[in-house]
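For the sequence shown, the working numbering begins at 893 and goes up steadily by one.
To keep things clear, I will list the structure first and then write my remarks on it.
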Amino acid sequence: MLARVAERLYWAARYLERAENTSRLIGVYDNLLFDLPKDLLDISWFNLIELNSSAETFNRRYKVRSERNIVKFLVSDPDNPSSIAASVRAVRENLRTTRDVIPPAAWEQVNELFIYVNKHSRDGLLRARRHEFLTEIIERSQSLNGLLHGSLIRDEAWQFIKLGRNIERADMTTRILDAGAAVLENTKVFETSNPAQVIWGNVLRSIDAYMSYRRAVKSTVRGSDVARFLLDEELLPRSVAYCSRQICQAATNLSQVSGRKSPVNTDKLPKYIIEKEGDLGADFRSYLNELQLAIAAIHVQICQTWFPHD
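Next comes the structure, spelled out in structure tokens:
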């Protein structure tokens, strides 16, 4: 397979996952606006910008850190390469140039997703319509992922898609966890309420993992258990541990085909011991940042091995 084709498939998978998970990330905060009393919550939407390492880009574009400006930046801003609209556009462009290795139905679904975002992105700015818009992006992204999963043979094309999807998914899971930890830092705790349970419950629901958590952990929702579940649960498709294993498998398969040594060693990803709720403070957020840097380093190794540029 040509390196440029492999690279486009890898990035198409990453951007598709990014569009879906950015929708989930916004949904965490959006749902908390309805689930927590206003006197308990002083939510800072700018946390979402910082979680995505986009503060510099945002500050160049906007003078006011309002909810509307931040959501617009994340949903439809063409100058934000990680916005939902920009990500979907990147998916379409990367798959347009690799149409000979994807099912025709996948190309049709990409176009439908692209048209939907262009037509309805303004809905994402309105609280009354935001949930419907975000849900539609998630469902359409899952439909496209499901089509690729069920129709592609497991050759090099599939392995590069698998690499891209799981690199992005692992990274975004850490950011969704960080979103929960950030909200918790700014939330008042009263004896008559348990905002932590609401916050972490929303984190689980945002990635459709609530029922899986209840089945696997068999306890009430506690932040320490949620963090361990999303980081270490080997059987959860969105956990960092599961994604790490998928990345290693794809890299090993590609190495066997290409004859190049696999550059991936997820055993070196940093670990963090979580014992109780109080462990999810500043040190935990620093750890998540360290984990994101380690995942980014794996991405660099993948690019240097399979996508060399002169």
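Backbone N, C-alpha and C define an ideal beta-carbon position, used for all residues, glycine too.
Keep in mind the model is a prediction, meaning the values are calculated, not measured.
- Nearest to G1042 by alpha-carbon distance, out of V1109, I994 and Y921, is I994.
- When the Cα atoms are used, K1054 and K1168 turn out to be separated by approximately 34 angstroms.
- Note that the stretch 1003–1022 touches the stretch 964–984; at least 3 beta-carbon pairs, one per stretch, sit closer than 8 angstroms.
- Under the 8 angstroms Cβ criterion, the stretch 938–950 counts as touching the stretch 909–926, having at least three qualifying pairs.
- When the Cα atoms are used, L894 and A905 turn out to be separated by approximately 17 angstroms.
- Each residue's CA atom was taken as its position, placing N939 and Q1148 some 42 angstroms apart.
- When C-beta atoms of the stretch 1068–1075 are compared with those of the stretch 1165–1183, three or more pairs fall below 8 angstroms, so the two segments count as touching.
- Excluding the 5 residues flanking it on each side, A1188 has same chain C-beta neighbours closer than 8 angstroms at D1063, in chain order.
- Ranked by Cα distance from A1074, the first of N1181, N986 and L1127 is N1181.
- Straight through space, the alpha carbons of A1088 and E1077 are spaced by roughly 10 angstroms.
- The beta carbon of E909 is closer than 6 angstroms to those of R1057, E1060 and R1061 in its chain, skipping five residues each way along the sequence.
- Counting of Cβ neighbours within 10 angstroms places Q1196 among the exposed residues, the total staying below 16.
- CA-to-CA, the gap between K1163 and T1027 works out to about 33 angstroms.
- By the neighbour-count criterion, in which a residue is buried when 16 or more other Cβ atoms sit within 10 angstroms of its Cβ, V956 is exposed.
- If the five residues before and after V1009 are omitted, its C-beta is found closer than 6 angstroms to the C-beta atoms of A977 and V980, all from its own chain and listed in chain order.
- DSSP places H1201 outside any alpha helix (DSSP H), giving it a letter other than H or E.
- Put simply, the backbone Cα of A1020 is about 28 angstroms away from that of R952.
- Around the Cβ of E1125, a 10 Å sphere holds 16 or more other Cβ atoms; the residue is buried.
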